[in-house]
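Heads up: the sequence lines are chains A and B, in that order. Our numbering numbers the first residue of the first sequence as 16 and each following residue consecutively. Our numbering numbers the first residue of the second sequence as 45 and each following residue consecutively. What follows is a short report on a single structure.
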Amino acid sequence: MTITTKKIALRFPRHLVDRPVVYHLIKEYNLELNILKASISSEEGHMVLELRGERADFDKGIDYLTRTGLIIDTLCREVTRNEDRCTDCGACVTVCPASSFTVDPHTREVVFDEEKCIVCGLCILSCPSRSMELHF
Amino acid sequence: MSKTIEEINRKIREGKAVVFTAEEIIGVVREKGLERAAAEVDVVTTGTFGPMCSSGAYFNIGHSKPRIKLGGGRVYLNDVPAYGGFAAADVMIGANALPDDDPRNRVHPGEFNYGGGHVIEELVAGRDVKLVAQAYGTDCYPRKKLETWINIKDLNEAVLFNMRNSYQNYNVAVNLSDKAIYTYMGTLKPNMGNITYCSAGQLSPLLNDPLYKTIGIGTRIFLGGGTGYVAWPGTQFNPGVPRTESGVPKRGAGTLAVIGDLKQMNPRYLMGASMLGYGVTLSVGIGVPIPILNEEILKFTTVTDDDIFAAVIDYSSVYPEVKPDIVAEVSYGQLRSGKVVINGREIPTGSLSSYPRAREIASTLKEWITAGKFELSQAVEALPDPDSGVKFKLLNERPINGDRL
């Protein structure tokens, strides 16, 4: 039994925005989930989820999402830090809604915890030296 | 007991100078006492690294064949407009300059991903930079068009000049409005959701010499990874602000105009910066040595973050409208703890200047001095002190067309 935690980004085409997809992930596939971000426009819906569950359930859940017609377009999207450009200033610290950045009290360096990142991207343009990057 | 700069330089040459950073000296004096430490310590090094807008660089590109007179023409470096109004072959670029086609804030907040600060960084990093110029042509300078790559190693001179930086204390920023704002103090969340500040505090040059007893025109400094000099009092020099009992200003006060050889510099300490919704700028690293000539000067260098206070200013209304109100006064000790309490509410704090890099600069300068590679200079002229009457003035606007705007 392996417990997996993964973040996925979902795109809901217009005809699927009214479907209770998340309900089925919980009910049918025993997945614990945390909605990190959700938005809807006139054309489509967008949601970033953190899923936690047994490996087998997780795979079945992903399979269900794909069959439903949802686009899991950025499964591997992540925010990383270019260490060569980071100056440890701290402009990102209060901007991040997930508290991914902390200041080490001794070195006063800015520590980036990728585990906490919800891929909202707010740090990317708030970083004066543009050290935060979005990767797919 | 007092020393002279010449005596300290002799010790530097002999490899015997005792040097501490402005952070280390606090503990040294606590342990040894002022009198003994003043006798033993020769130099205290300071450092700061953060966005410093009033930066620019000028250089001489050499003469093209046939010759071109850039003065009176137009000059672009990597599509960023530069200033060529100095005779034939000298060009100056400001850190805030933007390419003509940058969308700026047309879609707010603009990204400002590339500008003069980035051109300066690329030059310093040794990368080729594209120069495009048009001129009007004369009998002695017939050429009208020039398009070429330039590289710092081929330039006759390349000089960093900054008319105002190393601010002695600075505003601390909040946003009291109900929507996010984008400022040179970073992104400020609505309803006082965060606080930003920008100073190396206890490591910062002018906070360790608050009454300008040693730092003056001609002081040799660490600038952008190379050697530079204090060229002049920085613009907006305003020494007459409220101060603590030990002379530390509680508002923005002194500034430095500095100059140095760009060819010696290093992009680690001279880096283009983009401020969301505000513009481009340049992050500059500066380190200033303070000669410990007597106990009084040593005492100034023992300033701690808890002794430095700054005004919290609302950047949604008070700052842009130039109102006098302040929200609170907080210490750098509080700011660095990660949160401050204002009106019973905990507000998270973030910095725009890098403390680790300021520390690195102070340590590098300490190494240079200890290794005999950097001697101190005697200032040739003092900066205006709090009694000088020098004052920062707002613009006295006088309408040109009667009272009509």
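Every residue gets a Cβ at the ideal spot worked out from N, C-alpha and C, and that includes glycine.
Does residue i have its Cβ less than 7 Å from a Cβ in chain E?
i             : result
residue 146/A : The structure shown contains no chain E; its protein chains are A and B.
Taking the continuous beta strand (DSSP E) assigned at residue i, which residues delimit it?
i             : result
residue 61/A  : 59-69
residue 312/B : Careful: residue 312/B lies outside any beta strand (DSSP E) and carries neither H nor E.
residue 209/B : 201-209
residue 327/B : 323-331
residue 137/B : 134-138
residue 93/B  : 92-95
residue 141/B : Per DSSP, residue 141/B belongs to no beta strand (DSSP E) and is neither H nor E.
residue 93/A  : 93-96
residue 358/B : 353-358
residue 264/B : 264-267
residue 285/B : Per DSSP, residue 285/B belongs to no beta strand (DSSP E) and is neither H nor E.
residue 239/B : 239-241
residue 225/B : 225-227
So what's residue i in DSSP terms, helix, strand or just coil?
i             : result
residue 248/B : coil
residue 293/B : strand
residue 187/B : strand
residue 16/B  : A query on residue 16/B cannot be resolved here, the shown segment of chain B reaching from 45 to 449 and no further.
residue 167/B : helix
residue 182/B : coil
residue 339/B : helix
residue 150/A : strand
residue 104/B : strand
residue 425/B : strand
residue 437/B : coil
residue 78/B  : helix
residue 46/A  : coil
residue 390/B : strand
residue 67/B  : coil
residue 31/A  : helix
residue 458/B : With chain B covering only 45 through 449, there is no way to say anything about residue 458/B.
residue 99/B  : strand
residue 76/A  : helix
residue 407/B : helix
residue 116/B : coil
residue 259/B : coil
residue 129/A : helix
residue 418/B : coil
residue 344/B : helix
residue 413/B : helix
By a C-beta neighbour count over all protein chains shown, 10 Å radius and 16 as the cutoff for buried, is residue i buried or exposed?
i             : result
residue 200/B : exposed
residue 184/B : exposed
residue 376/B : buried
residue 126/A : exposed
residue 255/B : buried
residue 151/B : exposed
residue 266/B : buried
residue 128/B : buried
residue 353/B : buried
residue 315/B : buried
residue 445/B : exposed
residue 424/B : exposed
residue 53/A  : exposed
residue 438/B : exposed
residue 147/A : buried
Which whole-angstrom value is the C-beta distance of residue i and residue j, which I expect to be below 8 Å?
i             : j             : result
residue 213/B : residue 251/B : 7 Å
residue 134/A : residue 63/A  : 6 Å
residue 239/B : residue 359/B : About 10 Å; that fails the 8 Å criterion.
residue 76/A  : residue 28/A  : That belief does not hold up - the Cβ atoms of residue 76/A and residue 28/A are roughly 19 Å apart, past 8 Å.
residue 110/B : residue 187/B : 5 Å
residue 357/B : residue 217/B : 6 Å
residue 124/B : residue 143/B : 5 Å
With respect to the alpha helix (DSSP H) encompassing residue i, which residues constitute its N-terminal and C-terminal limits?
i             : result
residue 36/A  : 36-42
residue 139/A : 137-141
residue 302/B : Careful: residue 302/B lies outside any alpha helix (DSSP H), inside the beta strand (DSSP E) at 300-305.
residue 398/B : No alpha helix (DSSP H) holds residue 398/B; DSSP gives it neither H nor E.
residue 50/B  : 49-57
residue 364/B : 362-365
Assess contact between the segment 86-101 of chain B and the segment 244-259 of chain B, defined as three or more Cβ pairs (one per stretch) separated by less than 8 Å. Is contact present?
Output reads yes: the segment 244-259 of chain B touches the segment 86-101 of chain B.
Is it true that the segment 100-115 of chain B meets the segment 72-81 of chain B, where meeting means three or more beta-carbon pairs spaced less than 8 Å apart?
Flag = no, the segment 100-115 of chain B and the segment 72-81 of chain B do not touch.
Any contact of the segment 218-237 of chain B with the segment 358-369 of chain B, i.e. 3+ C-beta pairs under 8 Å?
Yes, they touch.
Any 3 or more C-beta pairs closer than 8 Å across the segment 413-425 of chain B and the segment 48-66 of chain B:
The segment 413-425 of chain B, when compared against the segment 48-66 of chain B, does touch it at the 8 Å Cβ threshold.
Does the structure place the segment 408-415 of chain B close enough to the segment 274-289 of chain B that three or more beta carbon pairs sit under 8 Å?
No: fewer than three Cβ pairs fall under 8 Å.
Using 8 Å as the Cβ pair cut-off and three pairs as the minimum, do the segment 383-395 of chain B and the segment 290-300 of chain B touch?
Because the criterion of three Cβ pairs below 8 Å is not met, the segment 383-395 of chain B and the segment 290-300 of chain B do not touch.
Three CB pairs or more closer than 8 Å across the segment 127-146 of chain B and the segment 298-307 of chain B:
By the C-beta criterion, the segment 127-146 of chain B is judged not to be in contact with the segment 298-307 of chain B, since fewer than 3 inter-stretch pairs fall below 8 Å.
Should the segment 98-111 of chain A be regarded as contacting the segment 40-59 of chain A, the criterion being three or more beta carbon pairs within less than 8 Å?
At 8 Å Cβ cutoff, the stretches do not touch.
The segment 391-400 of chain B contacting the segment 107-114 of chain A, beta-carbon criterion three pairs below 8 Å
With a cut-off of 8 Å on Cβ pairs, the segment 391-400 of chain B is in contact with the segment 107-114 of chain A, counting three or more such pairs.
Take every Cβ of the segment 206-220 of chain B, pair it with every Cβ of the segment 333-341 of chain B, and state whether three or more of those distances are shorter than 8 Å.
In short, these stretches do not touch, since the Cβ pair count stays below three.
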